[in-house]
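Q:
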Ligand SMILES: Cc1ncc(COP(=O)(O)O)c(C=O)c1O
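In this note's numbering, the protein residues as written are 248 to 639.
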């Protein structure tokens, strides 16, 4: 294997010198320059006080969204920033009504649970939730999903990459069917953005949501919402606040006069420090380019899978490159205990019930780290099973 040019970025991520950091599907490594941005926030607050609002803070949602736009494959001015995916998704949910014949939310049973919890709550407004059953915990059933989307469907929340298996769903086919019957698709790109190239505008997705803490190496509290520009002009979110008003500083009472997009999807005061904490990760991912990240990710995940197969472990991630996102899920007996032991031995991973141990190489990881992680995993599994069950 030749030297990977992306490894020059390792020095920008202090944590990789202290452990084998393979958990970027959960919390990406913090870029060194994030500390400078957080310091900048503190300095502005401390030295400029309230004047900071009109020296960049008030518009920080738009400027942060614009920085992210090329990574998602959308135009500037189409992204608003929110606390997290759940809030972004609620704002979209509040743009629709559920009292008539078109009241169905259709999603697969492998969606991220909070997407389910949120829409379950919309039953009180008349929504009918249809869960499309998957054949296993790895892949969804595309034909069954397409069949379930019909003239009664209002929204289809769809993970671009599944969190449990890293399976890349066939978003284009789902969007095509949804549009044919007048339904809209909310793409959840959280497990894709920063590791799988995205062309959300070309895909003609109606909405896209995601957050920053995984492959984008940002801090928490920086969720994003993309709305297709032609839809954005006509939508009137019910979950809305003064920052979405066309003239917020007039403090007009009564019914809101919506601003243009993306501000019309804003709720209240922007989450300034969180958006500062997201900036360095977006810059670095944008500078490297997701295509280059993806190439290296495929190389490392393939190596990880080969080693796992060689060790006789079951893999709950698709084998084909075009179906696999950035993580590899390895199913071993007593996965939770094994994951805890990996972390104790400084190999940082996580575990998801019904799936297995998730490992996620990113552009700052080396092939040697993959080999080390697999050596440690193999020895833990061997030791765990050499011991009597009662002591595990
Ligand atoms: C695909 C996906 N969607 C949504 C979420 C949750 O997002 P949030 O905590 O920002 O609401 C996660 C978190 O792991 C996720 O993997």
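Glycine residues also receive a C-beta, built at the ideal position from the N, C-alpha and C atoms.
Computed from a predicted model, the values in this text were never measured in an experiment.
Secondary structure at residue 281, three-state DSSP: helix, strand or coil?
A: Three-state DSSP puts residue 281 in a helix.
Q: According to the Cβ coordinates, are residue 386 and residue 414 closer than 8 Å?
A: For residue 386 and residue 414, yes; Cβs fall inside 8 Å.
Q: Rounded to whole angstroms, what is the Cα-Cα separation between residue 431 and residue 456?
A: Going by the C-alpha atoms only, they are around 13 Å apart.
Q: Which residues share a DSSP beta bridge with residue 598?
A: The partner list for residue 598 (beta bridge, DSSP) reads 604.
Q: Report all residues from its chain with a CB closer than 7 Å to the CB of residue 375; omit the five preceding and five following residues, and keep chain order.
A: Answer for residue 375: 350, 351, listed in chain order.
Q: Count Cβ pairs between the stretch 438-457 and the stretch 472-486 that sit closer than 8 Å; are there 3 or more?
A: Yes, they touch.
Q: Would you check if there are 3 or more beta carbon pairs closer than 8 Å linking the stretch 607-615 to the stretch 530-548?
A: Result yes; three or more Cβ-Cβ pairs closer than 8 Å.
Q: Would you say residue 288 touches ligand 1, meaning its beta carbon is less than 7 Å from a heavy atom?
A: Every heavy atom of ligand 1 is 7 Å or more from the Cβ of residue 288, so no.
Q: Compute the distance between the beta-carbons of residue 392 and residue 355, then report whether it is under 8 Å.
A: Taking 8 Å as the Cβ cut-off, residue 392 and residue 355 qualify as a contacting pair.
Q: For residue 521 and residue 487, which I take to be in contact (beta-carbon distance under 8 Å), what is that distance rounded to the nearest angstrom?
A: Their Cβ separation, rounded to whole angstroms, is 20 Å, which puts residue 521 and residue 487 out of contact at 8 Å.
Q: Is residue 387 near ligand 1, with its Cβ less than 7 Å from a heavy atom?
A: Because no heavy atom of ligand 1 lies under 7 Å away, the Cβ of residue 387 does not count as near it: no.
Q: Go ahead and pull the three-state DSSP assignment for residue 414.
A: Strand, per DSSP.
Q: Rounded to whole angstroms, what's the CA-CA distance from residue 416 to residue 492? Just pull it up for me.
A: If I take the Cα positions, the gap works out to 37 Å.
Q: Among the candidates 573, 535, 570, 564, whose CA atom is the shortest distance from the CA of residue 253?
A: Checked all of 573, 535, 570, 564; the closest Cα to residue 253 is 535.
Q: Quick one: is the Cβ of residue 435 within less than 7 Å of any heavy atom of ligand 1?
A: At least one heavy atom of ligand 1 is nearer than 7 Å to the Cβ of residue 435, so yes.
Q: Output the boundary residues of the beta strand (DSSP E) element that contains residue 431.
A: Here the beta strand (DSSP E) through residue 431 covers 431-435.
Q: So residue 406 is in the beta strand (DSSP E); what residue range does that whole segment cover?
A: Segment 400-406, the beta strand (DSSP E) holding residue 406.
Q: To the nearest angstrom, how far is the alpha carbon of residue 494 from that of residue 509?
A: Taking the straight line from one Cα to the other gives about 14 Å.
Q: Starting from the N-terminal side, write out each stretch of the beta strand (DSSP E) that is 3 residues or longer and does not extend beyond the stretch 296-363.
A: Correct list: 326-329, 351-355.
Q: By a C-beta neighbour count over all protein chains shown, 10 Å radius and 16 as the cutoff for buried, is residue 359 buried or exposed?
A: Classification of residue 359: buried, given that the 10 Å Cβ count is 16 or more.
Q: Flag this pair as touching only if the stretch 589-596 and the stretch 264-271 have three or more C-beta atom pairs under 8 Å; answer yes or no.
A: Contact between the stretch 589-596 and the stretch 264-271 is present, because at least three Cβ pairs lie under 8 Å.
Q: Just grab the DSSP bridge partners of residue 577 for me.
A: Residue 577 pairs with 562, 604.
Q: Strictly by DSSP, which residues pair up with residue 571?
A: DSSP lists 414 as partners of residue 571.
Q: How do the stretch 270-284 and the stretch 622-632 stand: do at least 3 beta-carbon pairs fall below 8 Å, yes or no?
A: No, because fewer than three Cβ pairs between the stretch 270-284 and the stretch 622-632 fall closer than 8 Å, the two stretches do not touch.
Q: Can you give me the C-alpha to C-alpha distance between residue 324 and residue 506, rounded to a whole angstrom?
A: About 13 Å.
Q: Give me, in chain order, the residues of the same chain whose beta-carbon lies closer than 6 Å to that of residue 579; leave out the 5 immediate sequence neighbours on both sides.
A: Closer than 6 Å at the Cβ level, and outside the excluded window around residue 579, lie 560, 585, 628.
Q: Could you name the residues of the same chain whose beta carbon sits closer than 6 Å to that of residue 482, not counting the 5 residues immediately before and after it, in chain order?
A: Cβ neighbours of residue 482 beyond the five flanking positions: 342.
Q: Could you tell me how far apart the beta carbons of residue 677 and residue 334 are, in whole angstroms, since I believe they sit closer than 8 Å?
A: An answer regarding residue 677 cannot be provided, because it is not within the stretch 248 to 639 covered by the chain.
Q: Could you pull out every residue in the same chain whose Cβ sits closer than 6 Å to the Cβ of residue 531, ignoring the five residues on either side in sequence?
A: Answer for residue 531: 278, listed in chain order.
Q: DSSP three-state label for residue 409, please.
A: Correct three-state label for residue 409: coil.
Q: Between the Cα of residue 484 and the Cα atoms of 511, 465, 498, which residue gives the shortest distance?
A: The option with the nearest alpha carbon to residue 484 is 511.
Q: Compute the distance between the beta-carbons of residue 318 and residue 437, then report whether it is under 8 Å.
A: Going by C-beta atoms, residue 318 is not nearer than 8 Å to residue 437.
Q: Quick one: is residue 288 buried, meaning 16 or more other Cβ sit within 10 Å of its Cβ, or exposed?
A: The residue is buried, with at least 16 neighbouring Cβ atoms inside 10 Å.
Q: Please classify residue 622 as buried or exposed, where buried requires at least 16 other C-beta atoms within 10 Å of its C-beta.
A: Counting Cβ neighbours within 10 Å, residue 622 comes out exposed, since fewer than 16 surround it.
Q: Taking DSSP as the reference, what is the three-state secondary structure of residue 494?
A: Correct three-state label for residue 494: coil.
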